[in-house]
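Going by this note's numbering, the first residue of the sequence shown is number 31, and it counts up by one from there.
Note that the Cβ used here is the ideal one computed from N, Cα and C, for glycine as well.
Since the structure comes first, as structure tokens, the remarks are kept for the end.
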Amino acid sequence: MAVLAVATAGVLAVCGAGAQAAPASHAAQVSGGSVVSTAAETVGFSGRVIEFQSGHLKLATADGEVTFEVSKGAYRYGPAKPGSHAYVAAYRENGTWVATAIFTYP
Numbered sequence: 031m032a033v034l035a036v037a038t039a040g041v042l043a044v045c046g047a048g049a050q051a052a053p054a055s056h057a058a059q060v061s062g063g064s065v066v067s068t069a070a071e072t073v074g075f076s077g078r079v080i081e082f083q084s085g086h087l088k089l090a091t092a093d094g095e096v097t098f099e100v101s102k103g104a105y106r107y108g109p110a111k112p113g114s115h116a117y118v119a120a121y122r123e124n125g126t127w128v129a130t131a132i133f134t135y136p
């Protein structure tokens, strides 16, 4: 539990005041049109890692699968192996979720 508290504190430190809960309808946003966002509009996603390879992370959330681009230097804490729980902070860029921080735990 202490590790989770430390990881949560790290998420807040990395994401800052701009972080917010992921919208309940994010699955529809992922398949929607082209939206340009800035890092200031960072949202958080929680779920289980499905796949992590080729510059992308696929996460199973309560609202469906979300794919993130991770090739732009996302901060990572913990191994992102399939089945791991994860919290991902990300922003939208041209219709794609771009991860800024990835925290994984068993």
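Query raised in the report: By Cβ distance, which residues of its chain are closer than 7 Å to Thr91, with the 5 residues on each side in sequence left out?
Result: Only Phe75, Ser76, Gly77 meet the Cβ criterion.
Report task. Out of Glu71, Ser101, Ser84, Lys88, point me to the one whose CA is closest to Ala116's CA. Result -> Lys88
Query raised in the report: Based on the DSSP secondary-structure assignment, which residues constitute the bridge partners of Glu71?
Result: Paired residue(s): none; Glu71 is not in a bridge.
**Report entry** Of the residues His86, Pro136, Thr72, the one placed nearest Ser114, counting alpha carbons only
**Finding:** Pro136
Query raised in the report: Which first and last residues belong to the beta strand (DSSP E) in which Lys102 is found?
Result: The continuous stretches of beta strand (DSSP E) do not include Lys102, and DSSP gives it neither H nor E.
Query raised in the report: Bridge partners of Gly77, per DSSP?
Result: Ala116
Query raised in the report: Which residues share a DSSP beta bridge with Lys88?
Result: Glu81, Thr97
Requested in this report: Identify, in the order they occur along the chain, each residue of the same chain with its Cβ nearer than 7 Å to the Cβ of Ala120, setting aside the five sequence neighbours on each side.
Outcome: Once the five neighbours on either side are set aside, the close Cβ partners of Ala120 are Thr72, Val73, Phe75, Phe98, Trp127, Val128, Ala129, Thr130.
Query raised in the report: Hey, how far is the Cα of Ala104 from the Cα of Asp93?
Result: Pairing Ala104 with Asp93, the inter-Cα distance amounts to about 23 Å.
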